[in-house]
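Going by numbering that gives the first Met the number 0, the residue at position 216 of the sequence shown is 215; the numbering climbs one at a time, nothing skipped.
Comments concern the structure below.
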Amino acid sequence: MKDSNFLKENNARSVWHPMAHPADSRANPPTIVTGGQGVRITDIDGHEVVDAVGGLWNVNLGFSCQPIKDAIAAQLDKLPYYSIFRGTSNDPVIELAETLREFFAPDGLSRAFFTSGGSDSVETALRLARQYHKVRGETGRVKFLSLKKGYHGTHTGGASVNGNANFRTQYEPLLPGCHHLPAPYTYRNPFNETDPERLAQLCLNAIEDEIAFQGAGTIAAFIMEPILGAGGVIPPHKSFMPGVREICSRHGILLIADEVITAFGRTGSWTGSRHWGVQPDMMCTAKAITNGYFPFGAVMISDAMADVFENDTTGKAAIGHGYTYSGHPVGAAAALACLAETRHLNVPKNATARGAELFAGLNALAEKYDVIGDVRGGHGLMCAMELVSERSNKTAIDKSSIAKIQDAAYKSGAMIRISGPNIILSPPLVLESADVQVILTALDAGFSAL
Ligand SMILES: Cc1ncc(COP(=O)(O)O)c(C=O)c1O
Numbered sequence: 000m001k002d003s004n005f006l007k008e009n010n011a012r013s014v015w016h017p018m019a020h021p022a023d024s025r026a027n028p029p030t031i032v033t034g035g036q037g038v039r040i041t042d043i044d045g046h047e048v049v050d051a052v053g054g055l056w057n058v059n060l061g062f063s064c065q066p067i068k069d070a071i072a073a074q075l076d077k078l079p080y081y082s083i084f085r086g087t088s089n090d091p092v093i094e095l096a097e098t099l100r101e102f103f104a105p106d107g108l109s110r111a112f113f114t115s116g117g118s119d120s121v122e123t124a125l126r127l128a129r130q131y132h133k134v135r136g137e138t139g140r141v142k143f144l145s146l147k148k149g150y151h152g153t154h155t156g157g158a159s160v161n162g163n164a165n166f167r168t169q170y171e172p173l174l175p176g177c178h179h180l181p182a183p184y185t186y187r188n189p190f191n192e193t194d195p196e197r198l199a200q201l202c203l204n205a206i207e208d209e210i211a212f213q214g215a216g217t218i219a220a221f222i223m224e225p226i227l228g229a230g231g232v233i234p235p236h237k238s239f240m241p242g243v244r245e246i247c248s249r250h251g252i253l254l255i256a257d258e259v260i261t262a263f264g265r266t267g268s269w270t271g272s273r274h275w276g277v278q279p280d281m282m283c284t285a286k287a288i289t290n291g292y293f294p295f296g297a298v299m300i301s302d303a304m305a306d307v308f309e310n311d312t313t314g315k316a317a318i319g320h321g322y323t324y325s326g327h328p329v330g331a332a333a334a335l336a337c338l339a340e341t342r343h344l345n346v347p348k349n350a351t352a353r354g355a356e357l358f359a360g361l362n363a364l365a366e367k368y369d370v371i372g373d374v375r376g377g378h379g380l381m382c383a384m385e386l387v388s389e390r391s392n393k394t395a396i397d398k399s400s401i402a403k404i405q406d407a408a409y410k411s412g413a414m415i416r417i418s419g420p421n422i423i424l425s426p427p428l429v430l431e432s433a434d435v436q437v438i439l440t441a442l443d444a445g446f447s448a449l
């Protein structure tokens, strides 16, 4: 390993960082993280902080989960790679699929298609949705509906259903036939409605209206996050996702739950769909499936969809899709160990308890600092604060102020994530009460630095 002078000198010189301007990364070199233990990370200067970002919504069990590390090491020794393309399989992937079938039974999902991450999972679900309708003979069902503010990764299909211009504009034209609906976002919405239940109904009405306009027979699927995450943690009213489910079922439209961040306990329930009492037709998972220790994902598929594919006699259901790393044995071994540990630790319970403490603490900070325009959370360990320069007219905060807050919070003990005007908090689900206090104290220091 090169010494710290080398690393600092070359930081961002030859790396283009995701979701960053290359010139900005050079001007403001990123924090170099060199270690992680429990819920804490250490940087190259030895500064240790609580990671309130949880890696990137994925290190749910923290950085020291030995059973997963051991499973990865053991699998590397036994069989470091073999493909599961037609004609071959490997032992951990078979065991994992059976484990996932049991885990996702309450969500009505029984088959798994393996991927290398969240964007891959989204792309897989979108493609399988179109194929499902083709196999059934409804060949005109090709369009996709999604929510503004939604985030579905950055492959072309995923970016096309994404609801944030930052991930779209420079890459257009995107996939045709993708239509975006208003999100149930009480702080800002086109209906000027602040009541969550009434807003949910208005958004559902807008979906009905769009389906009538497009023609239900042209729409393959509706993709949504049960709680919008990267778009700024937007929990809908409890009537919203069941309402979407009902509309989709009535119109023969598949419902894809994008649970890349919400599956495996983040919301305080085992899945976000279960949190709202909904069974989707497909579920995209990734991230916490291996605790972030190996790039891996799975699309879970319902019995009803499986019946259509598995009973096809025309050949149209042959899956012309897959990744070299679909069902990677090391990823599968990591996922098996991770699922066992996730269940053993019953992380949704802790996510609910610590999430409530964090949410209460953020609301208390909002009483103290006018720069906090909106606090969102209340469902497990996913919270956001939307910052404004003027509370009365909700003008978004400027970039340099929010960077100042982040910097001061980091110096005071917590890594936080900035996304546009939002501070997003998604710490590991094994967080303790004392860690919550460290995050809140660091944020307090951050705001008082303004
Ligand atoms: C809801 C959702 N879908 C998809 C993705 C993309 O996942 P990945 O970055 O692993 O490709 C993310 C990533 O944050 C996500 O939050």
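The beta-carbon is built from N, C-alpha and C at its ideal position, and this holds for glycine as well.
- Within its own chain, the residues whose Cβ lies closer than 7 Å to the Cβ of T153, once the five positions on either side in sequence are excluded, are S118, F166, listed in chain order.
- Taken through DSSP and simplified to helix, strand or coil, L55 comes out as helix.
- Residue burial is scored here from C-beta neighbours: Q36 has fewer than 16 other C-beta atoms within 10 angstroms and is therefore classed as exposed.
- For secondary structure counted as the alpha helix (DSSP H) over 4 or more consecutive residues, the stretch 234 to 307 holds these complete runs in sequence order: 239 to 250, 271 to 274.
- With distances taken between CA atoms, G354 lies nearest to A51 out of A51, D44, S24, C202.
- In the three-state reduction of the DSSP assignment, E385 falls in the strand class, which pools E and B.
- In the three-state scheme derived from DSSP, where H, G and I count as helix and E and B as strand, G372 is classed as strand.
- A distance below 7 Å between beta-carbons, with the five flanking residues on each side excluded, links Q213 to the following residues of its chain, in chain order: K142, H178.
- The residues I404, A407, A408, in chain order, have a CB closer than 6 Å to that of G445 in the same chain once the five nearest residues on each side in sequence are set aside.
- By the neighbour-count definition (other C-beta atoms within 10 Å, threshold 16), H20 is an exposed residue.
- Secondary structure of V92 (DSSP, three-state): helix.
- Pairwise C-beta distances place the stretch 187 to 202 out of contact with the stretch 323 to 335, as fewer than three of them are shorter than 8 Å.
- Proximity of the beta carbon of I260 to ligand 1 is indicated: a heavy atom of the ligand is located closer than 7 Å.
- The C-beta distance from V32 to V437 rounds to 17 Å, too long to meet the 8 Å contact threshold.
- In the three-state scheme derived from DSSP, where H, G and I count as helix and E and B as strand, G412 is classed as coil.
- DSSP places K77 in the uninterrupted alpha helix (DSSP H) bounded by 65 to 77.
- The beta carbon of S272 sits closer than 6 Å to the beta carbons of D106, P225, A256, P279 from its chain, once the five residues preceding and following it are set aside; these are given in chain order.
- Beyond the five residues adjoining it in sequence on each side, S301 comes within less than 6 Å, by CB distance, of G107, L108, D280 in the same chain, given in chain order.
- Between ligand 1 and the CB of K148, the shortest heavy atom gap is not smaller than 7 Å.
- Taking C-beta atoms as the reference points, T98 and L338 count as a pair closer than 8 Å.
- Exposure of M0 is indicated by the presence of fewer than 16 other C-beta atoms within 10 angstroms of its C-beta.
- Secondary structure of E47 (DSSP, three-state): strand.
- Between T284 and M299, the C-beta gap is smaller than 8 Å, which places the two residues in contact.
- Boundaries of the alpha helix (DSSP H) harbouring S159: 155 to 160, taken from the DSSP string.
- Taking the CA atoms as reference points, E101 sits about 10 Å from L95.
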